[in-house]
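The sequence shown begins at 1 in the working numbering and counts up by one.
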Amino acid sequence: MRYHVLATDYDGTLAKNERVAPDVLEALKQLKASGRKLILVTGRELPDLQRLFPEHTLFDRIVAENGALIYRPATLEERLLGERPPETFIQKLKEQQIKPLSVGRVIVSTWEPHQAVVLDAIKETGLEYQVIFNKGAVMVLPPGINKAKGLHEALKELLISEHNTVAVGDAENDNAMLQAAECAVAVDNALLQVKAVADWTTVHRQGEGVAELIARLIKDDLMELDEWLVRHYLELGKGFDGATVQISPYGHSLLIAGTSGSGKTTFMAAFLEKLMDRQYQFCLVDPEGDYLDLPGVITIGDASQPPVIEQVIQLLLHAVQNVVVCILAVPLSDRPGFFKKLLTALMDLRKNTGHPHFIIMDEAHHLVPAATADSFFNFPEDFKNFMVITTNPGLISPAFLQRVNIAIIMGELPNRSMAEFASLVTAPMEIPENIRLQKGEALVWRKDQERIFPIRSEMPVTLLHRHKRKYANGDMGPDSFYFRGPKKKLNLKANNLMSFIQMATGVDDETWLYHLREHDYSKWFRNAVNDEDLAINAQKIEKQEQSPDISRKAIFQLIRERYTTTA
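Now the structure itself:
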């Protein structure tokens, strides 16, 4: 289920002439019965709302005073998000004979045309307060307090994200709430400026419009509206014709496959940045310790301590917290079983809250290997919104691959890799022949479009050096550098950048210069270390400097500047 919460305004939206019709109340009860939650977001003061709307106890949270007060009907608890204005300000408004004038726990409100007097009073008392309008109402609130803020705090209490929320309103003060929600809906009687912000406008007015929205929610979880939610779409890259290639953040399951040095690191860095920027929560399972240094992300587990699943779930309960689950300490033979337990816990969390929004499986052959039957995992039918990353699709369970609806193939001979994927999932594809891709380019297959096309992935804004620690101090395995010399007499292995410096310090000048002239250093930095900037700068030294001592020092300095901090 995508939408776990309906947030609705009261006056002019849920209520008509201050009252909620019986059939609308029945629709609210049906929505609750579907397992979803209700939040009422209103500019009214709480006692006033309770008097007008005795059925307010249907709601899981009430956001009153235009975002300044959170109320829990089940426990009668209140929480203020701001402070009451100073008495000097309130007294100044009273001296101006402003009527009506209402003072709540935080909000001060009146009606047009008193806004000029209110603004003068704010200026004279030196307050940094804001004025919010609502169909003739004039509301004064502390800075940063609005319906979006109140909704956010209410959702935090319910452990649910705005991305799993649909909001409906009718007036100016609803705009912030509508823009914060994943799906913004205006009732038919809404102001034109509100309809312009909304993703969809109901056919009916006021409460009947809310009931219409609820019926669609229960019917198909607003699936038909997804194509209108392009403001949330995530960019994969650019087509060769320059057009942006985007996907919906909901309903897709991706495979990213490519050999080392093909650009998977850059692609994933850019995609993770988008998820973090848009606040879509992810849980990334990391079998090799490649993601230990993602900024703002908490890692559970390391090379000596296996992750505790309960700790992972406790962190993911908070919808804005992303988590890396490092399973370096889990033996290879135990990893599918561990992933099965983790996935069960993640799917339970998704069932109750809608997040994590993406489950990412790096080196996925460690988790769902080809030899493991699909029945071992017992994946639910609605298992989607995942990403699997591997060097070779053939290493992954074919039954699991059947769930993939977008394949992104990078590296050499992508048509062969795509053909292998097609045979594994028994999907008919017209695969281009003899295509050659540059680093950062990919072939993309989309099941919903039944076509294959090339894209160029974009560079991340802040490049996340996924393998930085591994490249500095770890074991790069088959991607290690070998000092062999012009006659191939040597076979000295440097399995990371720091050992490269140690080895290079001791090799003879002839060997060093041989690899320098062959541009082997820049090739290694580019294709194995996946550091294009390091490769470019090293290539300049290879072309311009023939002194073994000077070229050594220059290349060593480049490495130390970029990787010493991860040592």
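Positions of the beta carbon are idealized from the N, C-alpha and C atoms, including for glycine.
Which word fits P478, buried or exposed, when buried means at least 16 other C-beta atoms lie within 10 angstroms of its C-beta?
By 1-based counting over the sequence shown, the position of residue 478 is 478. Of the other Cβ atoms in all chains shown, fewer than 16 fall within 10 Å of the Cβ of P478; this residue is therefore exposed.
Mapping DSSP to helix, strand and coil, what is L127?
What you label residue 127 is simply residue 127 of the sequence shown in a count that begins at 1. L127 sits in coil when the DSSP states are folded into three classes, being neither helix nor strand.
Go through the region 444-503 residue by residue and report every complete run of the alpha helix (DSSP H) that reaches 4 residues or more, in order.
For the region 444-503, whole alpha helix (DSSP H) runs of length 4 or above, ordered along the chain, are 468-473.
Indicate whether I214 and L31 have their beta-carbon atoms separated by less than 8 Å.
Numbered from its first residue, the sequence shown carries residue 214 at position 214. Numbered from its first residue, the sequence shown carries residue 31 at position 31. Yes, they are a contact pair.
Please identify the residue among V330, L317, L316, C283 whose C-alpha is closest to the C-alpha of A303.
The count along the sequence shown starts at 1 and reaches residue 303 at position 303. The option with the nearest alpha carbon to A303 is V330.
Measuring alpha carbon to alpha carbon, tell me which residue in F483, F500, N66 is nearest A472.
Start at 1 with the first residue of the sequence shown, and residue 472 comes out as number 472. Taking the Cα of A472 as reference, the smallest distance to any Cα among F483, F500, N66 is reached at F500.
Starting from K37, follow its DSSP beta bridges and name the residues at the other end.
The residue labelled residue 37 in the question sits at position 37 within the sequence shown. In DSSP, K37 forms a bridge with V5.
With which residues is I247 paired in a DSSP beta bridge?
Counting from 1 along the sequence shown, the entry for residue 247 is found at position 247. L234.
Among N66, L155, M459, T42, whose alpha-carbon lies nearest the alpha-carbon of Y3?
Counted from its first residue, the sequence shown places residue 3 at position 3. Of the listed residues, the one whose Cα sits closest to Y3 is L155.
According to DSSP, simplified to helix, strand and coil, what is S161?
Working through the sequence shown from its first residue, we reach residue 161 at position 161. Of the three classes helix, strand and coil, the one that applies to S161 here is coil, per DSSP.
Please identify the residue among L272, E458, F338 whose C-alpha is closest to the C-alpha of P295.
To locate residue 295, count along the sequence shown from 1; it is residue 295. Answer by Cα proximity: L272.
How many angstroms separate the CA atom of R466 from the CA atom of S417?
As a first step, residue 466 must be located in the sequence shown, where it is residue number 466. As a first step, residue 417 must be located in the sequence shown, where it is residue number 417. Summary for R466: the model assigns pLDDT 47, below 50, so the residue's position carries little reliability; its value from the coordinates is reported in the next sentence. If you take the alpha carbons of R466 and S417, they lie about 24 Å apart.
Taking just the CA atoms, how far does E288 sit from L558?
Taking the sequence shown and counting its residues from 1, the one referred to as residue 558 is at position 558. Taking the sequence shown and counting its residues from 1, the one referred to as residue 288 is at position 288. For L558 and E288, the distance between alpha carbons rounds to 26 Å.
Return helix, strand or coil for D23, following the three-state DSSP convention.
Along the sequence shown, read from residue 1 onward, the residue named residue 23 stands at position 23. Residue state for D23 is assigned as helix, using DSSP reduced to three classes.
Selection from L229, N352, D188 that minimises the alpha carbon distance to E182:
In the sequence shown, counting from the first residue as 1, residue 182 sits at position 182. Of the candidates L229, N352, D188, the one whose C-alpha sits nearest the C-alpha of E182 is L229.
Distance, Cα to Cα, L401 vs K147?
On the sequence shown, position 401 is the one that residue 401 refers to. On the sequence shown, position 147 is the one that residue 147 refers to. Between the alpha carbons of L401 and K147 lies a gap of roughly 43 Å.
List the residues that DSSP assigns as beta-bridge partners of I62.
Position 62 of the sequence shown, counting from 1, holds the residue named residue 62. Within the DSSP bridge table, the entry for I62 names L40, Y71 as partners.
Tell me whether A373 sits in a helix, a strand or coil according to DSSP, three-state version.
Reading the sequence shown from its first residue, position 373 is the one you call residue 373. The three-state reading of DSSP puts A373 in coil, since its state is none of H, G, I, E or B.
Please report the Cβ distance between G261 and N530, rounded to the nearest whole angstrom; I am assuming they are in contact, meaning their Cβ atoms lie under 8 Å.
Here residue 261 refers to the residue found at position 261 when the sequence shown is read from its first residue. Here residue 530 refers to the residue found at position 530 when the sequence shown is read from its first residue. That belief holds up - the Cβ atoms of G261 and N530 are roughly 6 Å apart, short of 8 Å.
Here's a check: name, in chain order, each residue in its chain whose Cβ is nearer than 8 Å to the Cβ of R552, leaving out the five neighbours to either side.
As a first step, residue 552 must be located in the sequence shown, where it is residue number 552. Counting only Cβ-Cβ distances below 8 Å, and skipping sequence neighbours, we find A504, T505, W512.
Cβ atoms of G258 and I455: under 8 Å apart, would you say?
On the sequence shown, position 455 is the one that residue 455 refers to. On the sequence shown, position 258 is the one that residue 258 refers to. Against a cut-off of 8 Å, the Cβ pair of G258 and I455 comes out as no contact.
Taking 8 Å as the threshold (C-beta atoms), are L395 and P414 in contact?
As a working mapping, residue 414 is identified with position 414 in the sequence shown. As a working mapping, residue 395 is identified with position 395 in the sequence shown. No. Outside cutoff.
May I have the straight-line CA-CA distance separating L316 from G301, to the nearest angstrom?
The sequence position of residue 316 within the sequence shown is 316, counting from 1. The sequence position of residue 301 within the sequence shown is 301, counting from 1. Taking the Cα positions, L316 is about 15 Å away from G301.
Between the C-alpha atoms of M459 and I555, what's the straight-line distance to the nearest angstrom?
On the sequence shown, position 459 is the one that residue 459 refers to. On the sequence shown, position 555 is the one that residue 555 refers to. In this structure, the alpha-carbon of M459 lies about 24 Å from that of I555.
Close-in-space but distant-in-sequence residues of the same chain around L151 (CB under 8 Å, 5 per side omitted):
Locating residue 151 in the sequence shown gives position 151, where the first residue counts as 1. Here the set comprises A7, I39, V41, V63, G67, E162, T165, A167, M177, A180, A181.
Specify the secondary structure class of L534 as computed by DSSP and reduced to three states.
Indexing the sequence shown from 1 puts residue 534 at position 534. DSSP places L534 in helix when its eight states are reduced to three.
Which residues in the same chain as E125 place their Cβ atom closer than 6 Å to its Cβ, once the five residues preceding and following it in sequence are excluded?
Stepping through the sequence shown from its first residue, residue 125 is reached at position 125. Reading the sequence as shown, one finds Thr at residue 125 and not Glu. Cβ within range, chain order: T88, F89.
Cα-Cα, which of R403, E561, D508 is closest to S547?
The sequence position of residue 547 within the sequence shown is 547, counting from 1. Per the Cα distances, D508.
Pair within 8 Å by beta-carbon distance, W111 and V138
For the purposes of this step, residue 111 is identified with residue 111 of the sequence shown, where counting begins at 1. For the purposes of this step, residue 138 is identified with residue 138 of the sequence shown, where counting begins at 1. In contact: W111 and V138 (Cβ atoms closer than 8 Å).
Please confirm whether D170 and T13 have their CB atoms less than 8 Å apart.
Position 170 of the sequence shown, counting from 1, holds the residue named residue 170. Position 13 of the sequence shown, counting from 1, holds the residue named residue 13. In this structure, D170 lies near T13, with their beta-carbon atoms less than 8 Å apart.
Short check: CB of W445 to CB of A399, under 8 Å?
Here residue 445 refers to the residue found at position 445 when the sequence shown is read from its first residue. Here residue 399 refers to the residue found at position 399 when the sequence shown is read from its first residue. Result no, Cβ atoms of W445 and A399 do not sit closer than 8 Å.
Pull up the DSSP beta-bridge partners for R79, would you.
Residue mapping note: residue 79 aligns to position 79 of the sequence shown, counting from 1. In DSSP, R79 forms a bridge with I70.
Which residues bound the alpha helix (DSSP H) around L425?
Within the sequence shown, numbered from 1, the residue matching residue 425 stands at position 425. Residue identity check: residue 425 is Val in the sequence provided, not Leu. Unbroken alpha helix (DSSP H) run through V425: 414-425.
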